[in-house]
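Below is one structure, written out as structure tokens, with a few remarks after it.
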Amino acid sequence: MRVLFIATLVAPLFVVLQTPAAGQDRNAAATAKASAPIDITGYWVALVTEDWRFRMITPRKGDYQPVPMTPEARKVADAWDPSADEASGNQCKAYGAAAIMRLAARFHITWQDDSTLRIESDYGTQTRLLRFNSSTQTASAAGERTWQGYSSAQWEGPASLKVSTSNLRSGYLRKNGVPYSENATVTEYFDLAPIPSGGQVLLVTAIVDDPQYLRQPFTTSSQFKKEADGSKWDPTPCAAK
Amino acid sequence: MGSNAVRRKMNRSALIFGALCLVACSSAFAQMELNGSWTPRNHEFLTGDGLPVDFTGIPLSEEGRIRALSYSESQLEMVEHQCQGWPAFYLVQGPFGLRIWSETDPLKGNVISYTIGGWEDRAPMTIWMDGRPRPSQYALHTRSGFTTGTWEGNTLVTYTTHMKAGFLRKTGAPSSDEATTTMRFYRHADILTILEIIEDPIYLAEPWILSRSFQLSATPQPPIGPPCITAYEGSVGPTAPHYLPEKNPFVNEMTTKYGVPRDAAIGKPETLYPEYRRKIPPATAVQ
Chain Y
1277 MRVLFIATLV
1287 APLFVVLQTP
1297 AAGQDRNAAA
1307 TAKASAPIDI
1317 TGYWVALVTE
1327 DWRFRMITPR
1337 KGDYQPVPMT
1347 PEARKVADAW
1357 DPSADEASGN
1367 QCKAYGAAAI
1377 MRLAARFHIT
1387 WQDDSTLRIE
1397 SDYGTQTRLL
1407 RFNSSTQTAS
1417 AAGERTWQGY
1427 SSAQWEGPAS
1437 LKVSTSNLRS
1447 GYLRKNGVPY
1457 SENATVTEYF
1467 DLAPIPSGGQ
1477 VLLVTAIVDD
1487 PQYLRQPFTT
1497 SSQFKKEADG
1507 SKWDPTPCAA
1517 K
Chain A
1443 MGSNAVRRKM
1453 NRSALIFGAL
1463 CLVACSSAFA
1473 QMELNGSWTP
1483 RNHEFLTGDG
1493 LPVDFTGIPL
1503 SEEGRIRALS
1513 YSESQLEMVE
1523 HQCQGWPAFY
1533 LVQGPFGLRI
1543 WSETDPLKGN
1553 VISYTIGGWE
1563 DRAPMTIWMD
1573 GRPRPSQYAL
1583 HTRSGFTTGT
1593 WEGNTLVTYT
1603 THMKAGFLRK
1613 TGAPSSDEAT
1623 TTMRFYRHAD
1633 ILTILEIIED
1643 PIYLAEPWIL
1653 SRSFQLSATP
1663 QPPIGPPCIT
1673 AYEGSVGPTA
1683 PHYLPEKNPF
1693 VNEMTTKYGV
1703 PRDAAIGKPE
1713 TLYPEYRRKI
1723 PPATAVQ
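Sequence order for the protein chains is Y and A. So the first sequence is numbered by this note's numbering: it starts at 1277 and just counts up by one. So the second sequence is numbered by this note's numbering: it starts at 1443 and just counts up by one.
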């Protein structure tokens, strides 16, 4: 009877220990790098299988579908002037954190230190820092707004990475001037998947919230294929056109 | 039976119960709830522009491209094509929401299958979770095909075979009856993202990988669509409308309207990668 009693108590305990939340608690003391449930480091190339004409070339002015823009956003986009952006040093407006993972680019992901993931893009030569062990308070104190803003990261569930970004400079969701404001926030989820015939895919689901310029959160999911090395890495400066 | 024997039997039962709970309960905890209604986040262009030759983003094989360029949308006026519908992978490309429900084993409580409701041109898809074997390769092929599913942690992974030949895109990019689809269902809070990997040894040069997100909805999504009813739409004679591939009159429309290079419009695989940008004249589309 004693065994029955102990087994009844212990079995659910094992279950609780195996749940994602318990896993997070268990790893709380370890560094983000040491407790990483997935490895997203390496070279990744964007697969432009969706929205080709919005990502591979600069769309024509007025070609905004299917972004849920507010009327105010449309006015701003209709006034898009890439030459003026270049002249004012704003040629990187379409390379900010709300848009960069949707660009036709290669990305290099590395650990900068035990609690910071670094994402570099060759197209636009941008750098994102995903900080674990950070807080909203830290973000608000992050100082000057930047194209890439301030990103807080946390492992989520058994195999995902969640990233929250704020403190952005206003920029473009598309290269043809579809705007997001400096109050926009970006929530991203990073997931991995094998390709049955060989290889690995990184899926990034991005949700941009911006009540000023978006009627509802702008949600996209982008796919990246892992590459063996950086032999195709092609640093290219930002271009407004 | 003596009291020691009874005790030993109970102890053995307790250990078996514990072991079973360890396996079954933990896997149940690792899963996500998928049942319910999901509205689409139609913020990505997966179905193309509607121009007759828009195969951008699809890595067509040479055979697939020839077949795609020979397609005329006037085929849809033929009675036998009016209700032909789409293969299962249209789930991700189509503009509609999802209604998902499950069938549960009344004794064990485990999920036997998930069903994703259909629409007028997409049949309902059943995802078998009970480990049943895949049918013979010669078995009946249907619009929705045969799908099995397993949980990998929080992710539902499905694999579909036995789909009828159909279209990768409504403008005629073809899929063969040898095409297979692997889908992964990722749920993050109220967002469900489906990653789809379509492989077709005949019409695709490499796997076509795409995804779409859905938002959990309190408003019910319909589990079925309106019925498709055929009618006379002007089709006459026994021939199927088509073009000779090299004489498709619409092949330059994407270039004229949007500045998309022809190689991209006709789905050449190299156009899916960023280095192709180097081959595009600067500011092609900016006006």
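All residues carry an ideal CB built from backbone N, CA and C; glycine is no exception.
{"Asked": "Candidates A1660/A, P1482/A and R1629/A: closest to G1595/A by CA position", "Found": "R1629/A"}
{"Asked": "Close beta carbons around K1676/A, own chain, < 6 angstroms, minus the five adjacent residues each side", "Found": "Checking the sequence shown, residue 1676/A turns out to be Gly, not Lys. Here the set comprises E1519."}
{"Asked": "Between the CA atoms of G1365/Y and A1515/Y - distance to the nearest angstrom", "Found": "10 angstroms"}
{"Asked": "Endpoints, beta strand (DSSP E) assigned at V1484/Y", "Found": "Q1476 to D1485"}
{"Asked": "Residue closest to P1680/A, alpha-carbon to alpha-carbon, out of I1542/A, F1497/A and E1522/A", "Found": "E1522/A"}
{"Asked": "First and last residue of the uninterrupted beta strand (DSSP E) at Q1535/A", "Found": "No beta strand (DSSP E) holds Q1535/A; the alpha helix (DSSP H) holding it covers Y1532 to Q1535."}
{"Asked": "Three-state secondary structure (DSSP) of Y1604/A", "Found": "Looking at the sequence itself, residue 1604/A is His, so the reference to Tyr does not match. Coil at H1604/A, not helix or strand."}
{"Asked": "Local conformation of P1711/A per DSSP, three classes", "Found": "helix"}
{"Asked": "Separation of A1381/Y from T1392/Y, as counted between CA atoms", "Found": "22 angstroms"}
{"Asked": "For G1478/A, three-class secondary structure by DSSP", "Found": "strand"}
{"Asked": "Contact belief for T1481/Y with T1584/A at Cβ below 8 angstroms, rounded distance in angstroms", "Found": "At roughly 31 angstroms, the Cβ-Cβ gap does not stay under 8 angstroms, so T1481/Y and T1584/A are not in contact."}
{"Asked": "Beta-carbon proximity of V1484/Y to L1323/Y, cut-off 9 angstroms", "Found": "no"}
{"Asked": "Proximity test, Cβ basis, 9 angstroms: N1694/A and chain Y", "Found": "no"}
{"Asked": "Cutoff 9 angstroms: I1722/A Cβ touching any chain Y Cβ", "Found": "yes"}
{"Asked": "Beta-carbon neighbours of S1508/Y, restricted to chain A and to distances below 8 angstroms", "Found": "The displayed chain sequence assigns Lys, not Ser, to residue 1508/Y. Those within 8 angstroms of K1508/Y in chain A are E1717."}
{"Asked": "Amino acids of chain A, ordered along the chain, whose beta-carbon sits closer than 7 angstroms to that of R1491/Y", "Found": "Within chain A, no residue comes near R1491/Y; the closest Cβ sits about 11 angstroms away, beyond 7 angstroms."}
{"Asked": "Cβ-based neighbour list, T1496/Y, same chain, cut-off 7 angstroms, excluding 5 preceding and 5 following", "Found": "R1378 and A1482"}
{"Asked": "Contact residues within the region 1592-1618 of chain A, judged by C-beta distance below 9 angstroms to chain Y", "Found": "E1594, G1595, N1596, T1597, V1599 and Y1601"}
{"Asked": "Residue from L1493/A, S1514/A and L1476/A with nearest C-alpha to P1687/A", "Found": "S1514/A"}
{"Asked": "Cβ neighbour criterion (16 or more within 10 Å) applied to W1525/A", "Found": "Note on residue identity: the sequence assigns Cys, not Trp, to residue 1525/A. C1525/A should be labelled exposed."}
{"Asked": "Cutoff 6 angstroms; reference N1484/A; Cβ partners in own chain excluding five residues on either side", "Found": "P1537"}
{"Asked": "Straight-line gap, P1616/A to G1506/A (C-alpha atoms, nearest Å)", "Found": "6 angstroms"}
{"Asked": "Cβ pair Y1489/Y, V1321/Y closer than 9 angstroms", "Found": "no"}
{"Asked": "Close-in-space but distant-in-sequence residues of the same chain around S1659/A (CB under 8 angstroms, 5 per side omitted)", "Found": "G1478, S1479, W1480, T1481 and G1539"}
{"Asked": "Local conformation of Y1399/Y per DSSP, three classes", "Found": "strand"}
{"Asked": "Proximal residues of chain A, C-beta to C-beta of M1377/Y below 8 angstroms", "Found": "Chain A residues near M1377/Y: none, gap ~13 angstroms exceeds 8 angstroms."}
{"Asked": "Helix, strand or coil at H1583/A [DSSP, three-state]", "Found": "coil"}
{"Asked": "DSSP beta-bridge partners of G1318/Y", "Found": "I1385/Y"}
{"Asked": "Chain-ordered neighbours of I1639/A on chain Y, where CB pairs are closer than 7 angstroms", "Found": "I1471 and P1472"}
{"Asked": "Cβ-based neighbour list, A1435/Y, same chain, cut-off 8 angstroms, excluding 5 preceding and 5 following", "Found": "P1313, I1314, D1467 and L1468"}
{"Asked": "Below-9 angstroms beta-carbon distance, Y1532/A vs any chain Y residue", "Found": "no"}
{"Asked": "Limits of the unbroken alpha helix (DSSP H) element including P1580/Y", "Found": "Residue numbering for chain Y in the displayed model covers 1277 to 1517; residue 1580/Y lies beyond these limits and cannot be assessed."}
{"Asked": "Buried or exposed (CB count within 10 angstroms, at least 16 for buried), A1621/A", "Found": "buried"}
{"Asked": "Endpoints, alpha helix (DSSP H) assigned at P1358/Y", "Found": "P1358 to A1363"}
{"Asked": "Short CB-CB distance (under 9 angstroms) between Y1628/A and chain Y", "Found": "yes"}
{"Asked": "Residue closest to I1708/A, alpha-carbon to alpha-carbon, out of G1559/A, P1649/A, T1568/A and S1512/A", "Found": "S1512/A"}
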